[in-house]
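Number of protein chains: 6
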Amino acid sequence: MALIQTTFADSVGSISLDHYEKRNALSESMVNEIIASLDKFKSQGARTVILRSASAEKVWSAGHSVDELPRADIDPLPYDDPLERLLQAVRTFPAPVIAMIQGSVWGGACDLVINCDIIIGDETAAFAITPAKLGLPYNVSGLLNFMNRLPLVVVKEMFFTADLIGAERAENLSLVNKIVPAAELEAEVNKMAQTIVSRSATSISVAKEALHALSEASSISPIQYEYIQSLRRNAYFGSDYLEGIQAFTEKRAPNFSKPAPKA
Amino acid sequence: MALIQTTFADSVGSISLDHYEKRNALSESMVNEIIASLDKFKSQGARTVILRSASAEKVWSAGHSVDELPRADIDPLPYDDPLERLLQAVRTFPAPVIAMIQGSVWGGACDLVINCDIIIGDETAAFAITPAKLGLPYNVSGLLNFMNRLPLVVVKEMFFTADLIGAERAENLSLVNKIVPAAELEAEVNKMAQTIVSRSATSISVAKEALHALSEASSISPIQYEYIQSLRRNAYFGSDYLEGIQAFTEKRAPNFSKPAPKA
Amino acid sequence: MALIQTTFADSVGSISLDHYEKRNALSESMVNEIIASLDKFKSQGARTVILRSASAEKVWSAGHSVDELPRADIDPLPYDDPLERLLQAVRTFPAPVIAMIQGSVWGGACDLVINCDIIIGDETAAFAITPAKLGLPYNVSGLLNFMNRLPLVVVKEMFFTADLIGAERAENLSLVNKIVPAAELEAEVNKMAQTIVSRSATSISVAKEALHALSEASSISPIQYEYIQSLRRNAYFGSDYLEGIQAFTEKRAPNFSKPAPKA
Amino acid sequence: MALIQTTFADSVGSISLDHYEKRNALSESMVNEIIASLDKFKSQGARTVILRSASAEKVWSAGHSVDELPRADIDPLPYDDPLERLLQAVRTFPAPVIAMIQGSVWGGACDLVINCDIIIGDETAAFAITPAKLGLPYNVSGLLNFMNRLPLVVVKEMFFTADLIGAERAENLSLVNKIVPAAELEAEVNKMAQTIVSRSATSISVAKEALHALSEASSISPIQYEYIQSLRRNAYFGSDYLEGIQAFTEKRAPNFSKPAPKA
Amino acid sequence: MALIQTTFADSVGSISLDHYEKRNALSESMVNEIIASLDKFKSQGARTVILRSASAEKVWSAGHSVDELPRADIDPLPYDDPLERLLQAVRTFPAPVIAMIQGSVWGGACDLVINCDIIIGDETAAFAITPAKLGLPYNVSGLLNFMNRLPLVVVKEMFFTADLIGAERAENLSLVNKIVPAAELEAEVNKMAQTIVSRSATSISVAKEALHALSEASSISPIQYEYIQSLRRNAYFGSDYLEGIQAFTEKRAPNFSKPAPKA
Amino acid sequence: MALIQTTFADSVGSISLDHYEKRNALSESMVNEIIASLDKFKSQGARTVILRSASAEKVWSAGHSVDELPRADIDPLPYDDPLERLLQAVRTFPAPVIAMIQGSVWGGACDLVINCDIIIGDETAAFAITPAKLGLPYNVSGLLNFMNRLPLVVVKEMFFTADLIGAERAENLSLVNKIVPAAELEAEVNKMAQTIVSRSATSISVAKEALHALSEASSISPIQYEYIQSLRRNAYFGSDYLEGIQAFTEKRAPNFSKPAPKA
Ligand code: NI
Ligand code: NI
Ligand code: NI
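Put into structure tokens, the structure is as follows:
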């Protein structure tokens, strides 16, 4: 293991993202390491897991590894995408996962963080959803994750502008449970973890599993889903997606085409 | 066109309600003008639409044209009501609609505003849902709109008291995305519109459509719906509705009957 | 009637919990008195009901009567549990129920309060969900009540830590409609009640009933429910539940077993 | 009681429609008698109820009392319609209701019969759904009743042609459990009733209630329902409904207008 | 128009598939002609449409035009596939569509026929679903169409064997409304059409639309859908699909690979 | 392995129940052997599995091992019951499972058989659901299995009478795919298996998985489920269940109490 650091003590596991040269981007390798750690913690009977960055930097995680996204013509966010498997691993982990956030959280990393059970950050925490910058059509389960956790107008603002939401606003929106000063962050997270460890692990894991089932209970009909999937397909076969990925790689602003006037 | 003003430039359409002698009430005529403008903007390839009042006044819109409501004995909020058609047009418009709010927003206008994708107001913005003053039974899809966007206790407070929610509280509740000083309102709205225009229109329209489908995914069984419809029918055939409309027309407080004691 | 006090005047009913030697615990006797009062108020045509404690104390209600919970081996929160019947009575009462809160609200009392339509407290109001301290697996409909009303990360924090949420944070979270100074609390509640009484009772009761139906519209498949029920059963047959109840009775901290490592 | 005959013996209740001069039409009076009998049987601990006509005639029941249907402009099949209340009483009766059918079953009587738990007829049994002859828009819960019980192409054939389905085809379609010769019908029904009485009433009533809940689990979104309700409203405000009722009263074939060509 | 023949008289439209050299395969051109005819019939106020083959041949329709299916790597049955658009046009046509069947009906043509409202055939009628012969993963809405209309074990037999179901068995299964001798088929279909024309078009179109909504009410969660979509994607990127299309084109039996043993 | 016999050849696995002294009752031991065999077949890449009895006897399987059912006071059909695990294993097996039936199929074995994908029997095949004889409240997912596969009146007849449905009627009801003479049964089953093996395993497994997801899509709300669960609990704590199990063990007819008259 090279891209993350882990510890386990007193029923608390800790996973630190530690690949800052890539801004902790959630590459397939890093994702696999995290999933393996979660599996190990589960076998060790972890009662809480802390997910954090190894050190306080400007960026907590840059999100998807853009160079691992398909160039075009294929769904970039399928069910068996590495990140999707990680989200599933967090949702089904039988104890709470606490995200400890310092710095900015981008795109897929934002989806990862909101899938954690409890989120605590310092004043540098900030959150952005970036598919509108990449020309990428987000997947429906991901949209549902955000809808289940944030006010609808905020979900739309985040998806339509791709701009950062700062720490204070994130706290007001309950995007995070709380924001504390940087100097107190570790202590606050550890205190929360210790409280959880002192409670009944059985009672907690049943509640987590039931809330998970209820969270996925917003269902749509197959024909509606296929309609949305056809819109998504048109998008990932389209020019915006090509341009978005290209511009990201070239570290320049994308130059998206104007939409064709519609009948 | 006489009740609204419109402009279109740089992929941004703007619609200004401009019939203040009727407090911008959403009459069938005005609604038809708005829908026609949205259709035009769609054909022009608009990437954002701004919905606003023509000038800063005490009232943004008084809501439904009460003199266009049926007197009694017929559902006052059917699916093919003009306002319902407008809500549908906003929800299915293939780009974000930003509501820019100065002054108070009443009843049906409040439903219109929360169906917009992003809402920005100044300190005079205020919001009230008024069917409890009119004795009118609200439609279920309208209640779902509010439930999808606001905390349940707040939805109930608004529907049960019909009192105004002021700008600061509206911001805390995420009823609006943000409140800014009046002097900065237009600039803030334009900045948001420009950001959206710079992003991928394709990515945004897919996300909007998927969120729309998920918003309507709260379904109830036909028998439950028919039960609620029977309660609504008893209401619009009842004395409260007659008195509410009458009182509104006579600009006096309604004098609702006490409910009959129930078995 | 001995455990509560009631009044009825001007279409407003009031119920005061008045058994402070047991910290207003929701014993079967007290629950039956409250339900009987609600039935009486309904027959009297009440247009609003206020639910409060008889006097301002440190505790509003301690929640379930722990000594009435089954020792083990049987679902402690079945559909026909007295408290569940009370929640149903509040949800189906044909007029708004306002909770007036002074002091701390624990466990089942917290479920009762969030099922009220409008909640107003003073600075001493505080809220905790305690099953994780008792080793008790909460029921799915109860979890849905919280999910319908609070941000998901907050629901999890409350269920996983069992710690109190104070008045100011409760207001920011819309767990309550508003927090006012203790000296103004009664006046504020009465003003809200008077406003509601002046509105159309018919319009309000239809809206309440429809919102109730929509609140229960999050459905899951039988097989999912049976899976969760099996987890719950393992919990109430397990050692944590026995220890949690025992510790509570002995007024000491529980000493929960570590979860067995899982395959 | 005058329109029905009832008996109760050995835990089996029997209700015989006995108003042949009106072809056992399900008038409000007759419906109220049936519901009262079901309530009485419930209090007597009935383990099976048989619903039949008093004697073998050409018609089992003519269905809704057409002269009790509203002339126009109001939903003819609301939730609180007498027949709807009867369907609900049959569905929620805590023991099986067996329909014993001789002769033809029309319209609302057909909805009544398929809501019975078990249906046995002789060779004269025949079934028709008649709203297309009356110009009447059927209610959604009624359509769901048929969809839950019959192949979709058959539901459509019945609703679109209003023609009778004969005994043999009804048996093949499982519209009825079985068809037996007239001479054996009473014996067959009694044998089935005796078998049920010998089984566990508790096991049976739980299964019936659970199947009832699952039957109503096909839910649609409020906006879809309101769309269909608007179609229904246009229908009961329209000319076909007026002509259909008029023609029925005058015992002549209706002369429906051609549909207006659509855009 | 060259691939179909149409007539319109007495409110009944008729569409005859007439491209037997291609076994009436549902090519994009033929589909577009059928949709255009339906649109025309709608504008003419058609009260019934008959869909048939131009003459009695061995094959009613061969189904999808296999040479128009994508070779690989792209969903072969997306929402905007021509055949999907035709199914949607049939489902939303505001009057009944009667399928008149002589000869065998294959694959996509079978989906088309079961989406018709009423189906009448002669003794040569036979039905097969062929994706298992092509290695093609069927779409979820298509599977739901079959599940809504046929017993589950029969749906599976048809999808897993791809074998023909003959006329008599099809009648027993209610796959068709009825089977009549070839000499009586046209008369039977015309009689059914005339009956429908004599009924209330308004009542019928409301029932059809409501049944359509209820048919699509089987919804699944986004995450479930994405899981199935990932299975489908693996299939249309896989070797079976390539081989299936190739073998069909070469008019030989496919030689599918054995599935890899799974962990 | 001792209670079943298995073979594997040409991609077809076969499992024969072989414990006739216990009438092939589905004891925990036998269930575990079947599940282990399915797992083995999966690893071998089986494309079809045949589930049968070792020899043609009067009874195919007696169902649940009644002496393994809990005496009382605990849910006899929980999610983690051995038989439930077997049903899940059959439903998620990635290839078709064909049930080959000779003789009578009772209770839980009937649930097992209808969860198979394809069912073929001879003239001795017969099917009964027996909880009403045992006083046992069936689980909701099990009721849904039957509702998904059989006409509602038949499900009720089977659950309310516990009587056998014979081979011919089973075929008419599509409870089985087909009934063939005993002498042809093995050949017929093998032919069906060979056809399936010749088709695309990928196409088939995707269809099976999607149909499985759609089958579980009938969802009910938590509060409805908890209501039914309370009825079930009252049943398995009640006297009928005790008497039913006792009578079965003593091989005598149960003597169920009359239901208490209800208010
Ligand atoms: Ni999940
Ligand atoms: Ni019901
Ligand atoms: Ni559709």
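Residue numbers (my numbering), protein chains in the order written: chain A, 354 to 616; chain B, 354 to 616; chain C, 354 to 616; chain D, 354 to 616; chain E, 354 to 616; chain F, 354 to 616. C-beta atoms are modelled at their ideal positions from N, C-alpha and C, and glycine is treated no differently. Small disclaimer: the values here were computed from a predicted structure and weren't measured.
Pick out whichever of the options has its Cα sitting closest to the Cα of residue i.
i      : options                        : result
I454/F : Y589/F, E410/F, Y594/F, D363/F : E410/F
K544/B : S380/B, Q397/B, Q358/B, I473/B : I473/B
S568/B : R502/B, V412/B, G366/B, E476/B : R502/B
D420/C : L595/C, A606/C, S610/C         : L595/C
L356/A : E386/A, D363/A, F512/A         : E386/A
S414/C : Y578/C, K393/C, L370/C         : L370/C
T548/A : I388/C, V384/C, H372/C, M511/C : M511/C
Am I right that residue i and residue j are in contact with their C-beta atoms under 8 Å? What's the rounded C-beta distance?
i      : j      : result
E381/D : P429/D : E381/D to P429/D, Cβ: 13 Å. No contact.
G461/E : S553/F : With 8 Å as the limit, G461/E and S553/F do not qualify as a contact, their Cβ atoms being about 17 Å apart.
L528/A : F601/A : Not a contact, Cβ separation roughly 24 Å.
L404/B : V458/B : Rounded, the Cβ-Cβ distance is 11 Å, inconsistent with contact.
N498/C : I467/C : 6 Å
P447/E : K486/E : Not confirmed; about 36 Å, so no contact.
G416/D : L379/D : 6 Å
L582/E : Y432/A : Correcting the residue type first, residue 582/E is Gln in the shown sequence and not Leu. The pair is a contact, with the Cβ atoms about 7 Å apart (cut-off 8 Å).
Residue i bridges to which residues according to DSSP?
i      : result
V402/B : G366/B, V450/B
L526/B : Beta-bridge pairing links L526/B to no other residue.
K472/E : Note on identity: in this sequence residue 472/E is Ile, with Lys being the wrong assignment. Beta-bridge pairing links I472/E to A452/E.
I518/C : F480/C
L379/C : H417/C
Q358/B : S369/B
I532/B : G474/B
S295/F : The requested residue 295/F does not occur in the structure, where chain F is confined to residues 354 to 616.
Should residue i be flagged as near chain A, meaning a C-beta pair shorter than 7 Å?
i      : result
D392/B : no
G495/C : no
Any Cβ of chain C within less than 7 Å of the Cβ of residue i?
i      : result
K615/B : Residue confidence for K615/B is low, a pLDDT of 49 falling below 50, so the modelled location carries little weight; the figure read from the coordinates is stated next. Chain C contact via Cβ: present.
Y491/B : yes
A520/B : no
I573/B : yes
Does the beta carbon of residue i come closer than 7 Å to any beta carbon on chain E?
i      : result
M511/D : no
Closer than 7 Å, CB to CB, is residue i near chain B or not?
i      : result
L379/C : no
V559/C : yes
Q582/A : no
Counting contacts by CB-CB distance shorter than 7 Å, is residue i in contact with chain F?
i      : result
I388/C : no
E579/C : yes
Is there a Cβ from chain D that is less than 7 Å from the Cβ of residue i?
i      : result
T548/E : yes
T514/E : no
message: Three Cβ pairs or more, each shorter than 8 Å: is that satisfied between the segment 581–594 of chain F and the segment 557–570 of chain D?
response: The segment 581–594 of chain F, when compared against the segment 557–570 of chain D, does touch it at the 8 Å Cβ threshold.
query: Between the segment 435–450 of chain B and the segment 499–517 of chain B, are three or more C-beta pairs nearer than 8 Å?
result: Judged by Cβ distances under 8 Å, the segment 435–450 of chain B makes no contact with the segment 499–517 of chain B, as fewer than three pairs qualify.
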